[in-house]
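Just add 8 to wherever you are in the sequence shown, counting from 1, and you've got our numbering.
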Amino acid sequence: MLKGLIRPVEAHSVTLKGEDLVEVRAQLTAQAPEGWDLVSAMATMEKAGSMRSVEGKFLRRDGIREIEADDMAALEGQVPEGWQLLSVWKTD
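Below you can see the structure in the form of structure tokens.
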């Protein structure tokens, strides 16, 4: 018998503008929905002035469920579209 952990694969982006990158990053972190992690924050300079545009990318990290099956093919067959298999272990 095999067991595995799965979770949904979802991404979300937010773009903010500001002069202070530390402040903008703090604002991005504060906007992360519960169960989501900020995984990147790419900054670009605006064409005029000292403003910067920062695109924050978030990935969903919650919603973990356990599945089980007799073999790996059956376990993989239980992973719904839009979900990923995180880990697998053998039980007896």
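C-beta: ideal position from N, C-alpha, C; glycine also.
Quiz prompt | Residues of its chain near L29, where Cβ-Cβ distance is below 8 Å and the 5 sequence neighbours each way are ignored | solution = For L29, where only same-chain residues beyond five positions count, the Cβ hits under 8 Å are A51, R60 and V62.
Self-check item: Where E54 sits in the DSSP three-state scheme
Solution: E54: coil per DSSP, three-state reduction.
Quiz item: From A82 to R68, what does the alpha carbon distance come to, in whole angstroms?
Solution: Spanning the two alpha carbons is a distance of roughly 25 Å.
Quiz item: So what does DSSP say about Q39, is it helix, strand or coil?
Solution: Q39: coil per DSSP, three-state reduction.
Quiz item: How long is the line joining the alpha carbons of G71 and K25, rounded to whole angstroms?
Solution: Rounded to the nearest angstrom, the gap between the Cα atoms of G71 and K25 is 31 Å.
Quiz prompt | Residue(s) in a DSSP beta bridge with V22 | solution = BP columns for V22 point to G64.
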